[in-house]
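The block underneath contains the structure these notes are about, expressed in structure tokens.
Numbering (UniProt numbering), first residue to last: 1 to 455.
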């Protein structure tokens with residue numbers, strides 16, 4: 001009894017009392033909260049949903065392995081750990097936790113692809129609560145009041161960090177399976193708790209370096225992922241085959257929006273300039289009421305007239321029709337088969353008014369959708385516009401720049417087609433000449449269209 005009484009004070013001295021959370025504990029809690037809260041946001045920000053989930057899991061485990069090795073190098077334990085490392089004891093310690101974490105990561109990626117980012121982030125934080133519950137169920141160890149408080153603070157902090165992310169719109173959410181996503185994130189949170197408890201149990205049973213244990217977890221998880229993928233699909237996981245195609249489609253869509261907004265501004269400015277300019281290239285008949293698509297058949301016949309004034313009047317009518325701000329009948333004009341006639345008049349230098357109106361009409365056609373832009377390219381108009389950049393007529397130069405900018409803004413393929421036809425050197429020469437501020441501004445916009453998108 002005396003012996004027991006003598007040991008009690010000694011035991012008490014060896015086990016310092018923990019009546020609160022230390023500053024060090026608060027620091028690491030803050031780091032954990034930042035990691036738990038920011039990791040899903042970083043993933044949603046930088047990882048496209050079309051990327052193969054298995055590939056993401058594999059890369060994650062490889063990064064974990066590299067960090068574990070780096071920390072062993074820093075503390076000088078790498079050589080000693082490797083010299084005593086044996087496969088069978090390693091498997092006994094780390095295989096089950098590794099399988100748990102590998103499955104958890106797969107579930108997280110599945111949930112990420114099917115849930116709204118805000119919902120994903122919030123539900124993902126329940127892994128903290130599962131860790132506490134499963135530690136008690138598996139290890140039989142209750143959480144102290146301070147540990148419960150710490151977990152609660154960690155959970156709330158992570159949620160507050162996550163809640164700053166906005167939900168996505170309905171269009172982004174249309175092709176997902178929310179039920180599968182919710183099931184996956186709940187399973188992942190549960191597996192996180194299982195993995196934490198099993199890992200602690202393994203470390204209790206075997207005296208093992210914690211960094212070595214982390215490296216083993218990452219290594220076995222990566223091998224498991226590769227093995228499952230090779231068995232299921234006959235090869236190592238790779239990026240989703242549609243990943244680059246989808247990214248290119250997004251880039252092209254962005255270019256289309258920018259081109260459309262800029263073109264609309266230029267259309268409005270051009271319309272005002274031409275309406276106010278009494279000495280413009282357009283004829284006095286240009287101020288008559290605008291024709292409609294019902295007039296196209298008669299205008300086609302007039303456009304083919306041998307009388308220059310009659311042909312010019314028809315061409316002006318086509319140009320006015322195509323200059324309508326709302327739903328210009330570009331498709332109807334193309335279907336009428338008059339684009340080759342526009343091209344012929346564009347290449348005919350005898351009547352500068354005719355060239356200008358033909359250039360304007362083709363510019364409006366090129367400002368349509370991709371198919372309509374392609375119709376202008378297939379016509380051979382790019383070469384014509386390139387040649388007109390060297391014209392002495394500044395209005396004709398400006399119109400040619402506008403046309404080439406619209407064509408280049410349609411996407412990387414048509415942009416490259418224009419560059420292959422050598423449009424950039426004469427365009428830069430026009431800008432350097434700086435005959436007027438409008439040409440410089442328009443030319444700068446055109447060059448920006450040639451510089452957008454993937455090289």
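Just so it is clear, CB atoms sit at the ideal spot from N, CA and C, and this is done for glycine as well.
Relative to the C-alpha of residue 230, which candidate in 55, 412 and 376 has its C-alpha closest? Here residue 230 is taken as the residue at index 230 of the chain shown, counted from 1. Considering only alpha carbons, the answer is 55.
Are the CB atoms of residue 333 and residue 296 within a distance shorter than 8 Å? If you number the chain shown from 1, residue 296 lands on position 296. If you number the chain shown from 1, residue 333 lands on position 333. Closer than 8 Å, so yes.
Using C-beta distances below 7 Å, list every residue in its chain close to residue 224, excluding the 5 sequence neighbours before and after it, in chain order. Residue 224 sits at position 224 when you count from the first residue of the chain shown. 98, 99 and 102.
Comparing C-alpha positions only, which one of 387, 397 and 368 sits nearest to residue 411? Counting from 1 along the chain shown, the entry for residue 411 is found at position 411. Selected option, being the one with the closest Cα: 368.
Closer than 6 Å by C-beta to residue 123: which residues in its own chain qualify, once you throw out the five before and the five after it? Chain order, please. Taking the chain shown and counting its residues from 1, one reaches residue 123 at position 123. For residue 123, where only same-chain residues beyond five positions count, the Cβ hits under 6 Å are 185.
In chain order, what residues of the same chain lie with their CB nearer than 6 Å to the CB of residue 214, ignoring the 5 residues before and after it? Stepping through the chain shown from its first residue, residue 214 is reached at position 214. For residue 214, where only same-chain residues beyond five positions count, the Cβ hits under 6 Å are 68.
Whole-Å CB distance - residue 400 paired with residue 385, under 8 Å assumed: As a first step, residue 400 is located in the chain shown; it is residue number 400 there, counting from the start. As a first step, residue 385 is located in the chain shown; it is residue number 385 there, counting from the start. Correct: roughly 4 Å between the Cβ atoms.
Residue 291 and residue 299 look like a contact to me (Cβ under 8 Å); what is the Cβ gap, rounded to whole Å? Position 291 of the chain shown, counting from 1, holds the residue named residue 291. Position 299 of the chain shown, counting from 1, holds the residue named residue 299. The distance from the Cβ of residue 291 to that of residue 299 is about 7 Å, consistent with a contact at the 8 Å cut-off.
Looking only at C-alpha atoms, which of 358, 111, 394 and 317 sits nearest to residue 339? In the chain shown, counting from the first residue as 1, residue 339 sits at position 339. Residue 339 has its Cα closest to that of 358, out of 358, 111, 394 and 317.
State the CB to CB distance for the pair residue 388 and residue 427, rounded to an integer number of angstroms; the pair is presumed to be in contact (CB under 8 Å). Working through the chain shown from its first residue, we reach residue 388 at position 388. Working through the chain shown from its first residue, we reach residue 427 at position 427. About 11 Å separates the two Cβ atoms, so there is no contact after all.
Collapsed DSSP secondary structure at residue 387 in the structure displayed: For the purposes of this step, residue 387 is taken as the residue at position 387 of the chain shown. In the structure shown, residue 387 adopts helical secondary structure according to DSSP, grouped into three states.
Give the C-beta separation of residue 421 and residue 393 to the nearest angstrom, bearing in mind that I take them to be a contact with Cβ-Cβ under 8 Å. In the chain shown, residue 421 corresponds to position 421, counting from 1. In the chain shown, residue 393 corresponds to position 393, counting from 1. For a cut-off of 8 Å, the C-beta gap from residue 421 to residue 393 is around 21 Å, too long to register as a contact.
Measuring straight from C-alpha to C-alpha, what distance separates residue 324 and residue 432? Within the chain shown, the letter at position 324 stands for residue 324. Within the chain shown, the letter at position 432 stands for residue 432. In this structure, the straight-line span from the alpha carbon of residue 324 to that of residue 432 is close to 33 Å.
Residue 331: which of 443, 93 and 362 sits nearest, CA to CA? The residue given as residue 331 occupies position 331 in the chain shown. For residue 331, the nearest C-alpha among the options comes from 362.
Which parts of the stretch 380-429 are runs of the beta strand (DSSP E), unbroken and 3 residues or longer, counting only runs that do not cross its ends? Listed in chain order, the beta strand (DSSP E) elements of length 3 or more contained wholly in the stretch 380-429 amount to none.
By Cβ distance below 7 Å, which residues in the same chain neighbour residue 336 in space, the five residues on each side in sequence not counted? Position 336 of the chain shown holds residue 336. Within its own chain, the residues whose Cβ lies closer than 7 Å to the Cβ of residue 336, once the five positions on either side in sequence are excluded, are 296 and 300, listed in chain order.
Three or more C-beta pairs below 8 Å linking the stretch 188-197 and the stretch 70-85: The stretch 188-197 is not in contact with the stretch 70-85.
By Cβ distance below 6 Å, which residues in the same chain neighbour residue 317 in space, the five residues on each side in sequence not counted? Translated into the one-based positions of the chain shown, residue 317 becomes position 317. Correct list, in chain order: 291 and 299.
Sort 360, 405, 64 and 209 by Cα distance to residue 82 and report the nearest one. Sequence index remark: in the chain shown, residue 82 carries index 82 (1-based). For residue 82, the nearest C-alpha among the options comes from 209.
The alpha helix (DSSP H) enclosing residue 98, as first and last residue numbers: The residue given as residue 98 occupies position 98 in the chain shown. Start and end: 87-114.
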